[in-house]
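Residue numbers (the UniProt record's numbering): 1 to 222.
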Ligand SMILES: *Cc1c(COP(=O)(O)O)cnc(C)c1O
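Pasting the structure below:
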């Protein structure tokens, strides 16, 4: 399938999901996750109308950035080692995986302007998952006010691989409730308006539960 065909199918699903919960599809940013595919395939995604690309490793990001540069908005979605921040900080538009103070400190040191960051939350509580425990997120956000170049734009999570829709919804709802609480504090360094949640298998449910940024790889670009 071409990316354009996949995107057409995906837009139908997104429109259905939006209709069922009274949202506007323009509220949703589709991030095509290109970590499994070539530069050519990433380029095809841009030609199909995608504007946002996501990579989870430094090498993949830099390889694609080298060819496609400013044609895309770049999202870093994987766990980020502090020592690699300086190599990607000028290329990325958003970081979805802020999960510790040392990383915030390094971003602050290397960035020349405020970097929009999502805080990664382990909303399902699975041991294998990265991210802060939901109970620790508010204190962490509070701590981040000392870093002028770190702007908390939202929360991100990876849902568990489960078939039970209700279990998934509960995870997404938990993230949304936490986002609402932080957003409502109106902290200057943490507007916290966005929710980065939903992947190939669960993006429709994530949209119904409030996702603003969905990160879709296999079902969109392969
Ligand atoms: C790979 C990846 C995705 C996309 O996963 P698919 O199931 O292929 O859509 C989304 N988010 C993160 C953090 C990823 O690493």
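Built from N, CA and C at the ideal position, the CB exists for glycine as well.
What residue from the options has the CA that sits closest to residue i's CA?
| i | options | result |
| --- | --- | --- |
| residue 117 | 42, 92, 133 and 129 | 92 |
| residue 133 | 121, 127 and 140 | 121 |
| residue 100 | 163, 2 and 152 | 152 |
| residue 24 | 14, 32, 31 and 33 | 14 |
| residue 106 | 81, 126, 119 and 94 | 81 |
| residue 212 | 45, 52, 48 and 43 | 52 |
| residue 110 | 123, 90 and 96 | 90 |
| residue 58 | 46, 35 and 71 | 35 |
| residue 126 | 168, 10 and 184 | 168 |
| residue 209 | 62, 29, 163 and 177 | 177 |
| residue 161 | 94, 174, 128 and 155 | 128 |
| residue 166 | 112, 94, 124 and 87 | 124 |
| residue 83 | 75, 95 and 102 | 102 |
| residue 77 | 137, 50 and 156 | 156 |
| residue 136 | 164, 74 and 175 | 175 |
| residue 108 | 85, 97 and 96 | 85 |
| residue 94 | 131, 55, 173 and 71 | 55 |
| residue 217 | 33, 79 and 189 | 33 |
| residue 20 | 219, 207 and 222 | 207 |
| residue 143 | 171, 190 and 29 | 190 |
| residue 87 | 29, 62 and 140 | 62 |
| residue 188 | 205, 114, 17 and 16 | 114 |
| residue 50 | 10, 79, 182 and 60 | 10 |
| residue 172 | 186, 183, 185 and 214 | 214 |
| residue 222 | 60, 45, 28 and 140 | 45 |
| residue 71 | 79, 47 and 60 | 47 |
Going by DSSP, which residues form a beta bridge with residue i?
| i | result |
| --- | --- |
| residue 29 | 213 |
| residue 146 | Bridge partners of residue 146: none, in fact. |
| residue 207 | According to DSSP, which records beta bridges pairwise, residue 207 is partnered with nothing at all. |
| residue 152 | 117 |
| residue 95 | 76 and 117 |
For residue i, verify whether its CB is less than 6 Å away from any heavy atom of ligand 1.
| i | result |
| --- | --- |
| residue 14 | no |
| residue 221 | no |
| residue 33 | yes |
| residue 215 | yes |
| residue 199 | yes |
| residue 122 | no |
| residue 257 | Because the chain here runs from 1 to 222, residue 257 falls outside it and cannot be looked at. |
| residue 56 | yes |
| residue 77 | yes |
For residue i, is the beta carbon positioned less than 6 Å from some heavy atom of ligand 3?
| i | result |
| --- | --- |
| residue 129 | Questions concerning ligand 3 fall outside what the structure shown contains, since the ligands it does hold are ligand 1. |
Quick check: the region 141-148 against the region 201-220, are at least 3 beta-carbon pairs closer than 8 Å? No, the region 201-220 does not touch the region 141-148.
Are the region 184-194 and the region 6-18 touching, with three or more C-beta to C-beta distances below 8 Å? no
Where are the beta strand (DSSP E) runs, 3 residues long or more, that stay fully inside the region 99-131, in chain order? 115-120
Within 8 Å, do at least three Cβ pairs link the region 60-71 to the region 32-41? yes
Along the chain, which unbroken stretches of the alpha helix (DSSP H) at least 4 residues long are found entirely within the region 34-77? 39-47 and 58-68
Whole beta strand (DSSP E) runs in the region 162-205 with 3 or more residues, listed along the chain? 194-196
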